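Be aware that the sequence shown starts at 150, since it is given in our numbering, and climbs by one per residue. Built from N, CA and C at the ideal position, the CB exists for glycine as well. Small disclaimer: the values here were computed from a predicted structure and weren't measured.
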Amino acid sequence: MPEARPLAAIGQDILFSARNELYMNLPYLDAALCALRFQPGDEVTQTIATDGDALYYNAAFLADRFLRSRTLVDRAYLHTVLHCILRHLAKKRGKTARLWDLACDAAVESILDGLDYPCLQEGDRPAKRKFYGECLHAMPVLTAEGVYRRLLRLRLTEYELAQLERAFFVDDHGLWSPDERSGSEQSESQDERWQNLAEKAQTGMETVLAGQAEGGGSVLEQLRVANRDDVDYRAFLRRFAAPREVMAVDGDAFDYGFYTYGLQLYGNLPLVEPPETKEDRRIEDFVIAVDTSMSTSGELARQFLASTYAILRSTETFTRKVHIRILQCDDQVRSDIAIHDLDELRGYMEHFTLTGGSATDFRPVFEHVARLQAAGAFASLRGLVYFTDGMGIYPQKRPPYETAFVLLEEPPLSVRMPPWAIRLVLSEAGLEKAAAQEWEDADDPRELPWL
């Protein structure tokens, strides 16, 4: 009789078979499908799991699934790879673990259910189809970030949450530990590697392999969102600065040739003196509004304010005399704080609390600002930045200053923002990057205790 093969070797053969079948159907994911090494992991997981470098598998689980249907193994393999391509592991940091895990599973399963390949056909699952439909009413693409924020707003009961977890569960997320590895070179290198693989997959679908990528529209949609270029929030804010004359040498308007010629000719007498002032763009009067409805997280609002203030207080944009109003509003203005210097700014950020929790109505903020302008509170108001999810009642008339709505995700298709509004979709990573850059640029990081 032939010698029985180890179960671990059989499990590895099952994974090789699934990878080959997926590659034949989805060639635009070739590099990503081969990016995880196979590692027996009976002591790590009861199903399959990944840490971004290896795919750990329970051989008994794979054998059972393979005997039931090869499709189940193919779906599980691609499910785990898609988590890595969309960088769900690195994005887990700072989020509620259980809700983030569910959101990632739902987003990936929506991709798999949208791929029209026999090797991935699971059959109709009413619970999943119902959840997809509800989500698509609120967002154009089912990203993990969008589903996560929706789950936060739903405030599901334990039973409802368990039902959804059961419907979408495929792999084990126990090895996703970004908090333990955050800031390490290994973690950053891994995330960069998967980002490169995602960009290659997107390029392949859009160009060389466009003719072979039929049925992969759901993959491409999520890749475009995941690979979207980061917005430079610092540059965006500076558009609200006004030209002002400041005490500084204007190198562009000063000819050093005549200056040095005079020193050479007369010893210590320059022919021209450098100008003592130059024109620069600085922020003086500014309004920041925060949507404090139930759909907005207090921690996200605090992070937004921290990043915004860190940018405004930089020497390139912040004047000595400044008037910034920070408003908190849901369906009415809940708080109005005036900031005139860095000490007031520091005190506000150290004791920041979110006030409100009702429905969203943007009009009270603009009405309040109009009253402040009429009372002479602003010398020259350049603009207003409103941090919100985009869902609410907008004013019909354009205000006499620029207005920008900063969102962390694309608003639902049903939302119609006014044509005069500036819309900026900014990721949490973009906020963190802006704040981190200000920390690095600060002369004394202790001036930014809230970051």
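From what residue to what residue does the beta strand (DSSP E) around residue i run?
i: residue 484; result: 482-488
i: residue 571; result: 571-574
Going by DSSP, name the residue or residues bridged to residue i.
i: residue 138; result: The structure shown has nothing for residue 138, since the chain only spans 150 to 600.
i: residue 477; result: 439 and 484
i: residue 206; result: 189 and 197
i: residue 211; result: Answer is none; residue 211 lacks a bridge partner.
i: residue 556; result: 574
i: residue 500; result: DSSP output for residue 500 lists no bridge partner at all.
i: residue 320; result: Note: residue 320 sits in no beta bridge, so no partner.
i: residue 434; result: 472 and 530
i: residue 510; result: 542
Let's test the definition: count the other Cβ atoms within 10 Å of the Cβ of residue i and tell me whether it reaches 16, buried, or not, exposed.
i: residue 332; result: In this prediction, residue 332 scores a pLDDT of 49, lower than 50, which makes its location untrustworthy; the coordinate-derived value is nonetheless stated afterwards. Exposed, because fewer than 16 other Cβ atoms sit within 10 Å of the Cβ of residue 332.
i: residue 325; result: buried
i: residue 433; result: buried
i: residue 251; result: buried
i: residue 542; result: exposed
i: residue 552; result: buried
i: residue 565; result: exposed
i: residue 215; result: buried
i: residue 165; result: exposed
i: residue 500; result: exposed
i: residue 168; result: buried
i: residue 228; result: buried
i: residue 440; result: buried
i: residue 627; result: Outside the displayed range of the chain (150 to 600) lies residue 627, so it cannot be described from this structure.
i: residue 330; result: Here the model assigns residue 330 a pLDDT of 47, short of 50, so the residue's position is not dependable and the matter cannot be decided.
i: residue 392; result: Interpretation of residue 392 is limited by its pLDDT of 49, a score under 50 that renders its predicted location unreliable; no figure is taken from the coordinates.
i: residue 605; result: As shown, the chain starts at 150 and ends at 600. That puts residue 605 outside it, with no answer to give.
i: residue 538; result: buried
i: residue 303; result: exposed
i: residue 265; result: exposed
Take residue i as the anchor and find which of the options has the nearest alpha-carbon.
i: residue 485; options: 503, 495 and 288; result: 503
i: residue 507; options: 516, 488, 520 and 442; result: 442
i: residue 196; options: 302, 169, 171 and 319; result: 319
i: residue 236; options: 314, 341 and 490; result: 341
i: residue 348; options: 165, 177 and 548; result: 177
i: residue 545; options: 568, 457 and 200; result: 568
i: residue 244; options: 479, 449 and 572; result: 449
i: residue 603; options: 438, 234 and 493; result: Any answer about residue 603 is impossible in this case: the structure gives the chain only from 150 up to 600.
i: residue 601; options: 190, 218, 199 and 222; result: The first residue shown for the chain is 150 and the last is 600, placing residue 601 beyond what the model contains.
i: residue 389; options: 337, 574 and 435; result: 435
i: residue 247; options: 472, 489 and 293; result: 293
i: residue 198; options: 510, 322, 352 and 211; result: 322
i: residue 232; options: 217, 212 and 201; result: 201
i: residue 353; options: 536, 369 and 495; result: 369
i: residue 528; options: 572, 492, 491 and 473; result: 473
i: residue 481; options: 371, 457 and 511; result: 511
i: residue 478; options: 491, 220, 515 and 156; result: 515
i: residue 457; options: 217, 170, 155 and 384; result: 384
i: residue 667; options: 157, 171 and 526; result: Because the chain is modelled from 150 through 600, residue 667 falls outside the range shown and cannot be assessed.
i: residue 471; options: 483, 488, 351 and 520; result: 488
i: residue 382; options: 192, 554 and 290; result: 554
i: residue 288; options: 451, 350 and 558; result: 558
i: residue 455; options: 536, 513 and 522; result: 536
i: residue 459; options: 490, 336 and 523; result: 490
From which residue to which residue does the alpha helix (DSSP H) around residue i run?
i: residue 221; result: 219-234
i: residue 546; result: Here residue 546 belongs to no alpha helix (DSSP H), and DSSP marks it neither H nor E.
i: residue 317; result: 307-317
i: residue 249; result: 246-263
i: residue 173; result: 156-174
i: residue 389; result: Where residue 389 is concerned, there is no enclosing alpha helix (DSSP H), given that its DSSP letter is neither H nor E.
i: residue 297; result: 293-303
i: residue 269; result: Per DSSP, residue 269 belongs to no alpha helix (DSSP H) and is neither H nor E.
i: residue 285; result: 275-285
i: residue 181; result: 179-182
For the ligand MN, is there any heavy atom lying closer than 7 Å to the beta carbon of residue i?
i: residue 387; result: This structure lacks the ligand MN; in fact it carries no ligand of any kind.
Across the segment 307-317 and the segment 182-200, are there enough close Cβ pairs to call them in contact, namely three or more that are closer than 8 Å?
no
Evaluate contact between the segment 281-301 and the segment 251-268, counting only Cβ atoms and requiring at least three cross-stretch pairs below 8 Å.
yes
Are three or more beta carbon pairs between the segment 272-284 and the segment 156-168 nearer than 8 Å?
no
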